[in-house]
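Worksheet for the structure shown next.
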Amino acid sequence: MDMKTTTIEFFREIKKSSGRFVSILFIVALGVAFFSGIRASEPDMRVTGDAYFDQANLMDIKVISTLGLTKDDVKAFEGLDSIDKAEGAYSGDFLNYDGEKQRALHVMSLSEDINQITVTEGRLPEKSGECLADDESTYKVGDKIKLTSGTEDPVTDTLTTDELTVVGTGNSPYYISYGRGSTTIGNGSLSAFLVVPKETFTQDVYTECYLLVKGAKECIAYTDEYEDLIDDAMDDVKELSNDRGIIRRRELVDDATRELDQAKIDLKEGKAKAEQELSDAETQIADAESQLADAKEKIRSGRAQIEEAKNTLTQKQQELDQAKTQYADGVQQLQDGRAQYEAGKTAFEAGKPEAEQKITEGEAALEQIQAGIDICNNGLEALKDMCGNDESIYGNPDTEIGAQYAGLVQQLEGLEQQKTELSAQLQMAKDQLASAEQQFSDTKAALDASEAALASVPAQLTSGQEQINAGWQELSEKEKELEKGMSEITENENKISDAKQDLEEGRTKAAQDIADGEDKIADGEKKINEIPEAEWYIYDRSTLPEYNGYGENADRMKAIGKVFPVLFFLVAALISLTGMTRMVEEQRVQIGTMKALGYRRSTIAMKYIGYAFFATITGSILGVLVGEKILPYIIIYSYGILYHHIPEILVPYVPSYGIMASAAAIACTLMATIFACYKELGAQPSELMRPPAPKVGKRVFLERIPFIWKRLNFSWKSTVRNLMRYKKRFFMTIFGIGGCMALMIVGYGLRDSVYEIADIQYSEIQLYDGQIVLQEDLNEQDREHLNTFLDTDKEVESYMDAYMKSITLKNGKKERQAYITVFGDVKNIGRYVDFHDRKSGEKYKLTDDGVIICEKTAKLLNAKVGDRITIPDEKNGDKELTISHICENYMGHYIYMTPAYYNKVFGTMPEYNSVLFETDDSYSQTQVEDVGEKIMKRDEVLSISYVHDIQEQLDEMLSSLNLVIIVLIISAGMLAFVVLYNLNTINITERQRELATLKVLGFYDGEVAQYVFRENILLTFIGAAVGVVLGKVLHLFTIQTVEVDAAMFGRSIYLPSFIYSLLFTVGFSLLINGIMYFKLKKINMVESLKSVE
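Each residue of the sequence shown is one higher than the last, beginning at 685 in the numbering used here.
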């Protein structure tokens, strides 16, 4: 009967206080879900990645040999007990130009079983000339890709063709994110990959071999179990490499020796054959020369006879030609004379009328002049008559008559002069005209006489020419016979000359070929002796682009799961604990009644313990079921921004985390319930059935400040007294709100700390644009050539030699890998790296007395300024370094020192193996890469890395945390909402009689609400203030906990993060107040004021 009654009472209590039950259930579910979900995200990420790697048969080990890998090597790998499968492959890096844009492409062969390609469009390549393109590239199906080697070697040395046709696009497990790795051509960065059939490559041996390890698929990637298995397999491969390397070298030596021996035999046979051919040719040339000499003698005799006849005919022809010339000259002279006569006569006849006209005109002009003379004479006579022939008058030019007289005299003299000249010209013209007529008459007579004399000459010349021509005709026939013989002699001479030249060329070529053959044999023997031992490079998956990044992101989630969910769970557990404690305290009357009726303590306690257990276990199961599915899925999905090739997200349940969270929740709730129950059950029933005595009132601290207290109205005074009166509720509310506020600040602070490191690291600390990695064993001349190139390149604003080497640092028992960095120009280091303290901002300078070490490195080594740290060196003895300063740095571990200090420590100057360079600050990423592309063409350069590439990769990696942090913030906000709701519900329930009294006293609903909510708002702001302090502390602790060894996160929380957290907290408080308002309205004044007795 007792059991039945208590069972009924148990379920009746759940139904009656369903709000409290659901509140505890939900807050436990929220805490367990967040704890187990965040904790499960890390193994789920590993399981998801591992499932994809196993599905695609991603290689476990990659082997590369400097002498290539043969099919026998592949078989040897498969023969190892630790290796499940081995497959040889080919690969190479090439360039493709799209206009002015250059892309570096990694071309790899299509594997049959390992590194399976996923086709997203089109199909796999089936024959040479076809390829599958990276689906992250801009290449589409049907595109033609023209390849260049990026070196002096043609593409066809490696591939069968330099043009590939895209027949499909897809992705490879080799590249799980956006990074494609680096290369030694182009600008140093690979843009995409291409997959081609193996027959596209022309090499005789594989460039690499991929291995699958037995049992690896049964292990989860990124776990110690998997890493240990791979390490053991790599040890087996390394052991095999020693034997296979010797075999490979022996094969190359044997093949080369066989080829060399055959070359020696071929050379000997070729030398004997050449000597015999040369001897035969010399005999044939001697016989031909003897026959040619006889023919030449016959020709010489015939040529002498012909020459004599020629001389006679030539002499006769000369005489005839001379006569012809004389005749021709006479005819020409006659013709010229006749032509001149005719031309002169014609011109004379044409010009005669004009001359006669001019003579007539001259005579007329002479008459006019004479008339003018007569007029002047008459005028002079008239003037003389006018002055009575007085010469003193007309002879005086000062008088008017004298002036006129002088003018007429002057005119008269001029006319007389003109008359004289014109008369002379007329007489000369008449004489010339008469003389010309006489000359034409004489010339005509002479021409007629010459023409008569030349008329008989042509007949004589024709007869003489016919006789000479007949002689030449006869001579020509004889000469043709002679020329024919001479032509044959010339042809034979040319043949003999060609034969001699061929003989000499053959002799020279034979000698050169023999010498070249001997040199090649000597070079071959030298090369055989110089064939190096095969050097094998054995890599695991950690060398794949972005593979480690996925594991590091899982580690980050593991680190976050160590701190944030614990804080979250503690707040949730505390609130659920408070709810159960208050429930027991509220039902003390019922406990007293049941105790008075004879119920055992255990029976009474089981009601509340069962209530707490049922609510907690239900919430825990719900939290595990939902949390371990939703939260890991959201987090892994958020990382899909980076790793979107991973096709399926796997979120299996991780029982350990669910059991851990559930057990902790149940333990906290049950312990609090048991403690509260047995505290109440220890009292007498009569005491329990009476309401507890009110707490003794005390003066609050504000009452001791009259200036403030007197200015407060009744409501505010009541609020202050209530806050101080219910200290337990005061501190629980402040802690609950402060805890949620702190969790939100931590969430926002994580975002601030994570996002700021890339910008600070590569904008405020490392200031250069790129790092040039040099080829090994460069001499001073090579370095000078590179420096000259950089000096003359106007786009390179500055550069500096640097030495970088990975070393192990030790301080006591702590060890850490770091990079020694030595700069060539200590004075200008500030242009490339800014050394300063993170907290104070104090600038540091490198000195010759110590090193500057990064803050995270110093922390991991537990070292401080002034300490001496050690570089272990078994061969040359350990080297000690003195720490002079500790600088701000977020990515990697570096030790900076001057060349002088390096020399002091190691006893030698550093051999600079890289160059840091800067371009103009206004240069874009593309322009910096264009500069790097020019530098990469230098033979001295091995590779180039760009700071902006590293920053972009870091930003992409950290950006995937954004959704994770949002999940943390939203979860913290949900917890804040539940906490506030639960605490307000408890507050109103506890003070129900007090609030009912206020209603009876005439307080309106709004005034009652203000009476309660004023306390809530004050507690919210006080809790928020506590949350700010607590959030700063928790943020610092969380950051230091979630940091991976290779990086240091920021320590700052920016003002907007505090503001957002406060707004969320205040917003949730106001929302809860709005919900509670309706609950306050429902308070029944009569029922609430009934006596509990």
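Virtual Cβ for every residue (Gly too), placed ideally from N, Cα, C.
Residue i versus residue j - alpha carbon distance
i, j, result
"Lys898", "Leu709", "47 Å"
"Asp1695", "Lys1401", "As written in the sequence, residue 1695 is Tyr, which differs from the Asp given in the question. When rounded, the distance between both Cα atoms is 10 Å."
"Gln1179", "Gly813", "Correcting the residue type first, residue 1179 is Lys in the shown sequence and not Gln. So the two alpha carbons sit approximately 52 Å from each other."
"Met685", "Gln1676", "Any reading at Met685 needs caution, since the residue's pLDDT is 39, under 50, leaving its predicted position unreliable; the model's value is listed next. Taking the straight line joining both Cα atoms gives about 34 Å."
"Cys1071", "Glu1097", "22 Å"
"Lys1511", "Glu1564", "25 Å"
"Gly1324", "Asp1551", "44 Å"
"Ile869", "Asp1485", "21 Å"
"Gln1002", "Ile1152", "10 Å"
"Gly1508", "Tyr1596", "8 Å"
"Ser683", "Ile1305", "With the chain covering 685 to 1777 only, the question about residue 683 has no answer from this structure."
"Asn1757", "Leu1254", "25 Å"
"Asp734", "Val716", "27 Å"
"Glu1075", "Gln1123", "58 Å"
"Ile763", "Val1612", "The sequence given here places Gly at residue 763; Ile does not occur at that position. Their Cα atoms are separated by approximately 49 Å."
"Lys785", "Asp1614", "9 Å"
"Glu1448", "Leu1659", "38 Å"
"Tyr859", "Ser1524", "42 Å"
"Met1170", "Glu1189", "28 Å"
"Glu810", "Phe1519", "56 Å"
"Asp1562", "Ala1502", "16 Å"
"Gln999", "Ala970", "43 Å"
Start and end residues, alpha helix (DSSP H) containing residue i
i, result
"Leu1679", "1676-1684"
"Tyr1432", "1411-1444"
"His1469", "1464-1476"
"Ile1392", "1390-1393"
"Asn1587", "1583-1590"
"Glu762", "755-762"
Simplified DSSP state of residue i, which is helix, strand or coil
i, result
"Ile1350", "helix"
"Phe718", "helix"
"Thr844", "coil"
"Phe1733", "coil"
"Leu895", "strand"
"Glu923", "helix"
"Ile914", "helix"
"Thr1673", "helix"
"Glu1219", "coil"
"Thr1603", "coil"
"Asn1080", "coil"
"Leu1747", "helix"
"Gln800", "coil"
"Val1615", "helix"
"Ser1627", "strand"
"Thr868", "coil"
"Asn1573", "coil"
"Thr1554", "strand"
"Arg672", "This structure cannot settle anything about residue 672, because the visible part of the chain is limited to 685 through 1777."
Whole-number beta carbon distance between residue j and residue i, since they are thought to touch under 8 Å
i, j, result
"Leu779", "Gly834", "4 Å"
"Val1535", "Tyr1580", "6 Å"
"Ile1513", "Leu1530", "6 Å"
"Leu1667", "Ser1753", "That pair is no contact at about 10 Å."
"Ala817", "Leu878", "6 Å"
"Ala905", "Arg730", "6 Å"
"Leu843", "Thr886", "7 Å"
N-terminal and C-terminal residue of the beta strand (DSSP E) that residue i is part of
i, result
"Ile745", "745-749"
"Ile817", "In the sequence on display, residue 817 carries Ala and not Ile. Where Ala817 is concerned, the enclosing beta strand (DSSP E) stretches over 814-818."
"Tyr1546", "Here residue 1546 is Asn; the residue named in the question, Tyr, does not match the sequence. Unbroken run through Asn1546: none, as it is neither H nor E."
"Gly1454", "1454-1458"
"Phe1778", "It is not possible to answer for residue 1778, since the shown part of the chain is limited to 685 through 1777."
*Every unbroken beta strand (DSSP E) within the region 1168-1197, with a cutoff of 3 residues, ordered by chain*: Listed in chain order, nothing qualifies, since the region 1168-1197 has no complete beta strand (DSSP E) run of 3 or more residues.
*asked:* Which runs of the alpha helix (DSSP H) at least 4 residues long sit entirely within the region 1227-1307? Give them in chain order.
replied: For the region 1227-1307, the continuous alpha helix (DSSP H) assignments of 4+ residues that do not extend past its boundaries occur at 1231-1270, 1272-1280, in sequence order.
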